Amino acid sequence: MRIACLAALIWVAQAAVAVAFDAEDHVDYPASPETAVLRVISTADQSVFEPILLAFQARNPGLSVQYTITSTTELMRAIQDEDAVFDLAISSAMDLQTKLANDGFARRFSPTVADGLPSWAIWRDQLFAFTQEPAVLLVSDADFPPGTEPRSREALIATLRENPDRFRGRVGTYDVRTSGFGYLMATQDSRNSEAFWRLMEVMGRLDAQLYCCSGAMIRDVAAGDLALAYNVLGSYAAAQQAEVDGFRIVELDDYVNVMLRTALIPTTAENVDGAQKMVTFLLSLQRQPDVTTAAGLPAIDPASFQANTALRPIRFGPGLLVFLDQLRRQNFLRNWEGSLVQE
Amino acid sequence: MTPQGSIRRRLFFQLAGVAAVLSLTFFFVVRSVAERAAEGTQDEILAASATAIADSLRSENGGVTLDLPYSALSMLGSVSEDRVFYRVTADGKTLTGYDDLPLPTGGRQTGQTIVETLTYRGDELRAVSVLRPLGSFSAQQDVVVTVAQTREGLEAISRRITATATAVGGGFFLLATALSLWAARTALAPLERLTGAVTRRGPKDLRPVDAIAPAELVPLVTALNGFMSRLRASLLRTEDFIAEAAHRVRTPLATVRAQAEVTHRKLNKPEHKQAIREMIRAIDESSRSAGQMLDHAMVTFRTDSMDRDALDLSALTRETCSQLVPTADLKDISITTDCGPDPVPFEGDRILLQAALLNILDNAIKYSPADSHISVSLRTREDLILSVADEGRGFDDLDLPRLANRYQRGSNTGDIVGSGLGLTIASDVAGAHGGRLIIAQNPKGVGACVSLVLPH
Numbered sequence: 006m007r008i009a010c011l012a013a014l015i016w017v018a019q020a021a022v023a024v025a026f027d028a029e030d031h032v033d034y035p036a037s038p039e040t041a042v043l044r045v046i047s048t049a050d051q052s053v054f055e056p057i058l059l060a061f062q063a064r065n066p067g068l069s070v071q072y073t074i075t076s077t078t079e080l081m082r083a084i085q086d087e088d089a090v091f092d093l094a095i096s097s098a099m100d101l102q103t104k105l106a107n108d109g110f111a112r113r114f115s116p117t118v119a120d121g122l123p124s125w126a127i128w129r130d131q132l133f134a135f136t137q138e139p140a141v142l143l144v145s146d147a148d149f150p151p152g153t154e155p156r157s158r159e160a161l162i163a164t165l166r167e168n169p170d171r172f173r174g175r176v177g178t179y180d181v182r183t184s185g186f187g188y189l190m191a192t193q194d195s196r197n198s199e200a201f202w203r204l205m206e207v208m209g210r211l212d213a214q215l216y217c218c219s220g221a222m223i224r225d226v227a228a229g230d231l232a233l234a235y236n237v238l239g240s241y242a243a244a245q246q247a248e249v250d251g252f253r254i255v256e257l258d259d260y261v262n263v264m265l266r267t268a269l270i271p272t273t274a275e276n277v278d279g280a281q282k283m284v285t286f287l288l289s290l291q292r293q294p295d296v297t298t299a300a301g302l303p304a305i306d307p308a309s310f311q312a313n314t315a316l317r318p319i320r321f322g323p324g325l326l327v328f329l330d331q332l333r334r335q336n337f338l339r340n341w342e343g344s345l346v347q348e
Numbered sequence: 013m014t015p016q017g018s019i020r021r022r023l024f025f026q027l028a029g030v031a032a033v034l035s036l037t038f039f040f041v042v043r044s045v046a047e048r049a050a051e052g053t054q055d056e057i058l059a060a061s062a063t064a065i066a067d068s069l070r071s072e073n074g075g076v077t078l079d080l081p082y083s084a085l086s087m088l089g090s091v092s093e094d095r096v097f098y099r100v101t102a103d104g105k106t107l108t109g110y111d112d113l114p115l116p117t118g119g120r121q122t123g124q125t126i127v128e129t130l131t132y133r134g135d136e137l138r139a140v141s142v143l144r145p146l147g148s149f150s151a152q153q154d155v156v157v158t159v160a161q162t163r164e165g166l167e168a169i170s171r172r173i174t175a176t177a178t179a180v181g182g183g184f185f186l187l188a189t190a191l192s193l194w195a196a197r198t199a200l201a202p203l204e205r206l207t208g209a210v211t212r213r214g215p216k217d218l219r220p221v222d223a224i225a226p227a228e229l230v231p232l233v234t235a236l237n238g239f240m241s242r243l244r245a246s247l248l249r250t251e252d253f254i255a256e257a258a259h260r261v262r263t264p265l266a267t268v269r270a271q272a273e274v275t276h277r278k279l280n281k282p283e284h285k286q287a288i289r290e291m292i293r294a295i296d297e298s299s300r301s302a303g304q305m306l307d308h309a310m311v312t313f314r315t316d317s318m319d320r321d322a323l324d325l326s327a328l329t330r331e332t333c334s335q336l337v338p339t340a341d342l343k344d345i346s347i348t349t350d351c352g353p354d355p356v357p358f359e360g361d362r363i364l365l366q367a368a369l370l371n372i373l374d375n376a377i378k379y380s381p382a383d384s385h386i387s388v389s390l391r392t393r394e395d396l397i398l399s400v401a402d403e404g405r406g407f408d409d410l411d412l413p414r415l416a417n418r419y420q421r422g423s424n425t426g427d428i429v430g431s432g433l434g435l436t437i438a439s440d441v442a443g444a445h446g447g448r449l450i451i452a453q454n455p456k457g458v459g460a461c462v463s464l465v466l467p468h
């Protein structure tokens, strides 16, 4: 025990020296006896990812897992600019992960793919998608009795326009200037539909509240402070719904952007073998419903896309680099601010 | 004759060699054309992407700005999963994109599209740059849009093309080789037909070859036919000559001998009678020698084109012996033949066998003393053995193998005149029938025993 504490202390000290990026938290899952260490950097909260890590560890005894939690942009910085040593990088920011792979920061690995895993779940044998998480509309039960919630963006715009007084100051969405997920969803929206900019205009006129995270939006909608919140991470909302009442999740009928949570093995990885085992394990989540239920992360399920054609998984590819372009981002944010932040 | 190479093999290897060269050429042509096409496709997509970016350039407040079109980069992802890099510079200053991406080194004429292959971050890239002037005439800026992509997709295509080209080229080569084999065989079929037509002929068939031959073989067939006609004429002449010579030599000798005998009877003085007897003896020897030489010539000639008649050796032996009974009687020599009761079937040349037996018997009679016995026996063992045993002076042991050679006579022939051809003839005949001549001492005591050993 003393040795373990000492080891943890040394590791924390090392981490403090080596890691200049802004880590939110470290969690250590030591194995005894320990044969190898797997260093994971991730944007998913400990509560979300712990069931997956424990299930993985149960299958690979002897493998200690050091789990570092950070934001999407900090993860990008850690891998791209600081050469931080991690064996696996897991992020919800598909665009940033794509850029990391495109710019040559990822190792190649050809996993033995589970049956039924769609081909778009793996890009260049470097990016491995293992969850599908939709961006959804949250409505509070108080403002929208069952059956009255808008089913499409056009209906949402109409509802907001018709009742400006009822919704003033009570609609929320991501602040895309600070949230990577918010930015990704907003840019995909702008690509998918002209209604997006009109919606932003309307929300801007209604004095929309801007959030950093899905958690806060869920809390405020559940409390009734917000009548609705747009582009909330559906997987978190579904997990919260079990604990908190007062809100409903609406998947709009016109289209639903679906984010894929991805893993990549950085070129700096030291325990490549462990990382490949983890990737293989993550790609097999579809066959382990108990783990995904505990984590609240829906595994990739091709059948769901056939059942609901409005679901649009965001595709990997150089297209995702477009909105990371400096000029394009500036222009996009200027437009977004012009629409939404009407001082 | 040892063959000097094979036309068929040479033809086959030459055709196969041509096929190999063609297959290789095919392989390289297909690969280079297909790879150029694939390369061209990538270049075109890169150019389209760079053009799309250049088209969305606009000047704003005296500067240049750009809203990177989504399709400009997403189109690059539609063909392969290659990595994409881009850079936009205005007057040499990076506007956006990867600011360490090398600028095009080619000409700097505006409106130009420059295609390059370069190395960036350790990978080979294909880069297309578009040069555009932008802004008002007074404040014009040269904008360079570069879009680059790794070539992994191209390599994958190249590997696929190479595999396909290899398979097709290999298949083509195998097919062509099989066809070469067939072609070589077909081309030589007339030659084989001709060979067959000539080989199947009987020994006496010297008619012209009339097999249908292709133009290339006509001179050969013509030459062959010419040669055969000359051979036929020559053989006919030889045959005629032998018959003619036998006739021309024997007839005058017979006349001279008859005259000598008549003269012998008319003369009274013993010394004159003696001289005439000497003369008759010399005439006899000459006649015999001439006969044997002709026999030998005939045997040599016939063995080249022997008959294979089915005959009864037993009957032939008795018949031949009876021919010589009168000659034997002159010396009071008795000839017994022991051939068994059954016919002995044998395939061979009647005339040759008769000549052989006649010569052996003639020898036996010549070297036997008066009032002795010659026994002729035909036995069927593993081989047919026709033996003639006499009670004459026999042979010296040392001489035996030599005696069958031409003009070789035994050392103990002494006063008896001979040509040394008799056993040679017998030996040649035995050899022509696949057998041999055995010369030995008479196992029953004095005398010689000469056996013709003939295989069944």
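Which chain is which? The protein sequence lines are A and B, in order. According to our numbering, the first sequence holds residues 6 to 348 in order. According to our numbering, the second sequence holds residues 13 to 468 in order. Cβ atoms here follow ideal geometry from the backbone N, Cα and C, with glycine treated the same way. Computed from a prediction, not measured in an experiment: that's the story for all the values here.
Given this structure, state the Cα-to-Cα distance separating residue i from residue j, to the nearest angstrom.
{"i": "A:A21", "j": "A:T77", "result": "Low local confidence applies: a pLDDT of 45 at A:A21 is under 50, so the model's placement there is unreliable, with the coordinate-based value given in what follows. For A:A21 and A:T77, the distance between alpha carbons rounds to 19 Å."}
{"i": "A:K104", "j": "A:G324", "result": "10 Å"}
{"i": "B:L323", "j": "B:L365", "result": "11 Å"}
{"i": "B:F39", "j": "B:V45", "result": "10 Å"}
{"i": "A:C217", "j": "A:T178", "result": "9 Å"}
{"i": "A:A315", "j": "A:T136", "result": "17 Å"}
{"i": "A:L14", "j": "A:A49", "result": "Because the pLDDT at A:L14 is just 43, under 50, the model does not fix this residue reliably, and the value given afterwards should be weighed accordingly. In a straight line, the C-alpha of A:L14 is about 24 Å away from that of A:A49."}
{"i": "B:I126", "j": "B:D112", "result": "18 Å"}
{"i": "A:A134", "j": "A:T267", "result": "4 Å"}
{"i": "B:C351", "j": "B:C333", "result": "12 Å"}
{"i": "A:G322", "j": "A:D230", "result": "39 Å"}
{"i": "A:R166", "j": "A:L142", "result": "17 Å"}
{"i": "B:L464", "j": "B:Q453", "result": "14 Å"}
{"i": "B:V311", "j": "B:A31", "result": "57 Å"}
{"i": "B:N371", "j": "B:S298", "result": "15 Å"}
{"i": "B:R249", "j": "B:V268", "result": "28 Å"}
Going by C-alpha distance, which of the options is nearest residue i?
{"i": "A:L43", "options": "A:A280, A:L316 and A:R292", "result": "A:A280"}
{"i": "B:D296", "options": "B:I173, B:A84 and B:D374", "result": "B:D374"}
{"i": "A:L345", "options": "A:A308, A:W202 and A:L332", "result": "A:W202"}
{"i": "B:S192", "options": "B:F25, B:G352 and B:A151", "result": "B:F25"}
{"i": "B:A438", "options": "B:A84, B:Q124, B:R269 and B:A368", "result": "B:A368"}
{"i": "B:P220", "options": "B:L203, B:L243 and B:A201", "result": "B:L243"}
{"i": "B:L143", "options": "B:T131, B:G17, B:A401 and B:V159", "result": "B:V159"}
{"i": "A:P169", "options": "A:M208, A:G220 and A:F252", "result": "A:M208"}
{"i": "B:D383", "options": "B:E394, B:D395 and B:D344", "result": "B:D344"}
{"i": "B:L166", "options": "B:T77, B:G52 and B:F184", "result": "B:G52"}
{"i": "B:R133", "options": "A:F286, A:A232 and A:A106", "result": "A:A106"}
{"i": "B:A102", "options": "B:E128, B:P81, B:L85 and B:S141", "result": "B:S141"}
Anything in chain B within Cβ reach of residue i, meaning under 9 Å, just list it in chain order.
{"i": "A:Q331", "result": "L107, T108 and G109"}
{"i": "A:G322", "result": "L85, S86, L88, G89, S90, E93 and V96"}
{"i": "A:R317", "result": "Here the premise fails: no neighbours, minimum Cβ distance about 14 Å."}
{"i": "A:R173", "result": "Chain B residues near A:R173: none, gap ~32 Å exceeds 9 Å."}
{"i": "A:I196", "result": "Per the sequence shown, the amino acid found at residue 196 of chain A is Arg instead of Ile. Going along chain B in sequence order, the residues near A:R196 (Cβ under 9 Å) are Y82."}
Can you name the residues of chain B whose CB is closer than 8 Å to the CB of residue i?
{"i": "A:G385", "result": "An answer regarding residue 385 of chain A cannot be provided, because it is not within the stretch 6 to 348 covered by chain A."}
{"i": "A:W128", "result": "E93"}
Who are the neighbours of residue i on chain B, taking C-beta pairs under 7 Å?
{"i": "A:N336", "result": "D79"}
{"i": "A:L326", "result": "L85 and V96"}
Answer yes or no: the CB of residue i versus the heavy atoms of the ligand FAD, is any distance below 6 Å?
{"i": "B:V458", "result": "The ligand FAD is not among the ligands present in this structure, which contains no ligands whatsoever."}
For the region 315 to 329 of chain B and the region 278 to 286 of chain B, state whether three or more C-beta atom pairs, one from each stretch, are separated by less than 8 Å.
no
Can you give, in chain order, each stretch of the alpha helix (DSSP H) that sits fully within the region 45 to 76 of chain A and has at least 4 residues?
Within the region 45 to 76 of chain A, the alpha helix (DSSP H) runs of at least 4 residues that lie entirely inside it are, in chain order, 51 to 64.
Pick out the complete beta strand (DSSP E) segments inside the region 161 to 206 of chain A, 3 residues or longer, and give them in chain order.
176 to 179
Beta strand (DSSP E) runs contained entirely in the region 266 to 306 of chain B, provided each spans 3 or more residues
none
Where are the beta strand (DSSP E) runs, 3 residues long or more, that stay fully inside the region 270 to 345 of chain A, in chain order?
316 to 318
Which ranges does the alpha helix (DSSP H) cover as unbroken runs of at least 4 residues, wholly within the region 230 to 254 of chain A, from first to last along the chain?
Entirely contained in the region 230 to 254 of chain A, the alpha helix (DSSP H) runs reaching 4 residues are, in chain order, 239 to 246.
Spell out a yes or no on whether the region 238 to 247 of chain A and the region 106 to 126 of chain A are touching, meaning 3 or more CB-CB pairs, one atom from each, closer than 8 Å.
The answer is no - the region 106 to 126 of chain A does not touch the region 238 to 247 of chain A, with fewer than three Cβ pairs under 8 Å.
Runs of beta strand (DSSP E) lying entirely within the region 125 to 179 of chain B, each at least 3 residues, in chain order
125 to 132, 135 to 146 and 153 to 162
Count the CB pairs spanning the region 86 to 97 of chain B and the region 68 to 75 of chain B that are closer than 8 Å, and state whether there are at least three.
Verdict: no, contact absent.
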